[in-house]
Every structure is written in structure tokens, then in C-alpha cells.
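Novice:
Residue numbers (the working numbering): 7 to 314.
(1) Under three-state DSSP, which class holds residue 190?
(2) According to DSSP, what are the bridge partners of residue 268?
(3) Per DSSP, what are the beta-bridge partners of residue 197 in this structure?
(4) Taking all protein chains shown into account, decide if residue 122 is buried (16 or more other Cβ within 10 angstroms of its Cβ) or exposed.
(5) Classify residue 312: buried if its beta carbon has 16 or more other beta carbons within 10 angstroms, exposed otherwise.
(6) With the cut-off set at 9 Å, would you say residue 296 and residue 262 are in Cβ contact?
(7) If you draw a straight line from the C-alpha of residue 285 to the C-alpha of residue 268, how long is it?
(8) DSSP on residue 75, reduced to helix/strand/coil?
(9) For residue 165, tell me which candidate among 42, 281, 204 has the shortest Cα-Cα distance.
(10) Grab me the residues of residue 276's own chain with a C-beta within less than 8 Å of its C-beta, minus the 5 sequence neighbours each way, in chain order.
(11) When DSSP labels each residue in this structure, what does residue 224 get in the three-state scheme?
(12) Which runs of the alpha helix (DSSP H) spanning at least 4 residues fall entirely within the segment 38–109, listed in chain order?
(13) Do you know offhand how far residue 302's Cα is from residue 219's?
(14) Considering only their Cβ atoms, is the gap separating residue 222 from residue 236 smaller than 9 Å?
(15) In terms of residues, what are the limits of the alpha helix (DSSP H) holding residue 286?
(16) Leaving out five residues before and five after residue 113 in sequence, what residues of the same chain have Cβ atoms less than 7 Å from its Cβ?
(17) Among 71, 101, 43, 55, which has the Cα closest to the Cα of residue 82?
(18) To the nearest angstrom, report how far apart residue 248 and residue 217 are at their CA atoms.
(19) What does DSSP give as the partner residue(s) for residue 347 in the beta ladder?
(20) Could you please give the first and the last residue of the uninterrupted beta strand (DSSP E) stretch that includes residue 124?
(21) Considering residue 249, what are the terminal residues of the beta strand (DSSP E) in which it resides?
(22) How long is the line joining the alpha carbons of residue 178 and residue 171, rounded to whole angstroms?
(23) For residue 75, is the classification buried or exposed, using 16 other Cβ atoms within 10 angstroms of its Cβ as the cut-off for buried?
(24) For the structure I just gave you, are there three or more beta carbon pairs, one from the segment 145–162 and one from the segment 44–60, closer than 8 Å?
(25) So with Cβ pairs under 9 Å, would you call residue 204 a contact of chain C?
(26) Check for me: the beta strand (DSSP E) holding residue 143 runs from which residue to which?
(27) So what does residue 204 bridge to, in DSSP terms?
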């Protein structure tokens, strides 16, 4: 059975705390295992969550600040140590090439050839190929070169059993009709739109370290699940402006403008205590009327079921 869920490995910003590890997010999407922004402690968090290096099929780095990338050397070395047999593509900002090279070879270990660098760059859209997914990277607005990521499956069709029966389509012919778009049945042509209705593909977005910007909205457009940094509360909005981050309220505004279904707030400053957690939900919810979750370490968040 396919599984589509977000495993949250860490939720802190620059400084980890007793209850929040450095960033890391693992998206299970059917046969894909996409690791975003492995900060320090990612290996341990994956172990606690029951995930292995073999589960990783791709790594996406938003930018080369330490809380988003210092777990990369250990993750790569674990991939090598466990002799992961499949390619693991690693997307990262091309402007940070020197940091990629340092982290890729940070210490001595028996290397592996399965790591495939995939730098992204430029001011426009970068498409990263997968057979059954479209992975889009767009530049964000931060103090260093930073990209957000959007994972989307192609739109498809939901087959209608009654319509199939009425048109005499059954068994292997159902799959053939899906692939071809039309099929001859008893001397008549049956078209896909006669026995199915369009089904929008699911979308996931991850938007880290950025001031509010149009690209953040574009990445999150129509997302079923969007993870958006919300480092600060309203009382520290001046810090958000100074350091090019967002508040929970601003993250809510991005989600509202983009038509997100479920918003996950994360990348929480170490200054905030547990009793302030509800304030993040309240302030984001004042701008966004969808589902809002505040990420906690080792949470599992399923992609919302399709509503079509």
C-alpha cells in the first residue's frame, strides 16, 4: 500500500533545544523518500522514527546555513556505510557549490558513487526530473542563496465504475483506456472522459528561511500540504524583517494567498517556550482559515486525502 506522509525530524531554527532538534523533514511519497534540510542530529532522529538510509531516494537542501545542512555529511556517510544500492540525487543551490563540496567530503570515509549532485540556480523555475513527480525549485528571499521546493504529481482521472459498466469496459481494458485515452468496445469508441472524471494530482511544498515573497506563494499554490517557516511571533516581527524570516501570521498569509489546504508551521526560534506554542497557531489562523498545525519533532503528518 502506498504511503504519503511527512515525517518531521526537527523543528528548531538556528539553535536546537531540549524539545526541538535542528531542521529535517522526510517526505514519504509512494516509492520516494525525500529528505529536506538535514540539520545536526538527523541520523538519530531518523533512527528514532524507524527510518533507514535506504529509505532515502533524494535529498533537497534549501540553503547552506548550518541548521539546514550540517547533518548532510553524516547522512551521506550513512548512505555509503549501509551500501544503499540506488541513486540518491541531491539538489542544492548552485551558488553554494563550495559548501556542498566541503560537506560532501567533510571527513574520511569509504565513499559511494550513488550520490548524484543536482545544483539548482537562476532566478526562474528549476525542474528536477522524476518519472512520476514534478519537483520544482524556486529562489526565495534570504540572506544567502535559498530555494524552496514543490513536489507535484500529474493530474489524472478517477474511474467511475457505473459508467465503465454502462460502456462495457472491464478488466484489463480499464488500464488500456487510461493509457490510450480511448478504446474500441463492441464497435464503438469509448473516450476516457465518458467513464472518468479529472483528478487533481497531490501537491506538497516546503518553504524555509525567507521573507514574504511572490515565489513563496507560487511554490505553495494549491498545495495539499505546505511546510512554511514561522520563526517568530508578532512581537518579534522586527527581527523577522531584519533577518529575512517570517512570523506565524505571515506564513498564514502566504498559505491563504496560495490556497493551501493544510499549513505546517516550523523552524521555531529557541526563544519560545512550550506554553507559547498556541500563539503560533492563533496568529497563523487569524490570516488563514484552513487547517494549521505546529510541527513537533517526530510528528507524522499524512498528506490530506483528495477531496475530489
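The beta carbon of each residue, even a glycine, is placed where N, CA and C say it ideally should be.
Specialist: Result, derived from the coordinates:
(1) strand
(2) According to DSSP, residue 268 shares a beta bridge with 231, 297.
(3) 188
(4) exposed
(5) exposed
(6) Between residue 296 and residue 262, the C-beta spacing is below 9 Å.
(7) 18 Å
(8) Here residue 75 sits in helix by DSSP.
(9) 204
(10) 18, 19, 20, 21, 22, 23, 26
(11) Here residue 224 sits in helix by DSSP.
(12) Whole alpha helix (DSSP H) segments, 4+ residues: 48–54, 72–75, 78–87.
(13) The alpha-carbon atoms of residue 302 and residue 219 are separated by roughly 26 Å.
(14) no
(15) 283–291
(16) 79
(17) 43
(18) 9 Å
(19) Residue 347 lies beyond the stretch modelled for the chain, which goes from 7 to 314, so this question has no answer here.
(20) 121–126
(21) First-last for residue 249: 243–249, but that is the alpha helix (DSSP H), not the beta strand (DSSP E).
(22) 13 Å
(23) It counts as buried.
(24) no
(25) Absent here is chain C; the protein component of the structure consists of one chain.
(26) 140–145 is the extent of the beta strand (DSSP E) around residue 143.
(27) Beta-bridge pairing links residue 204 to 163.
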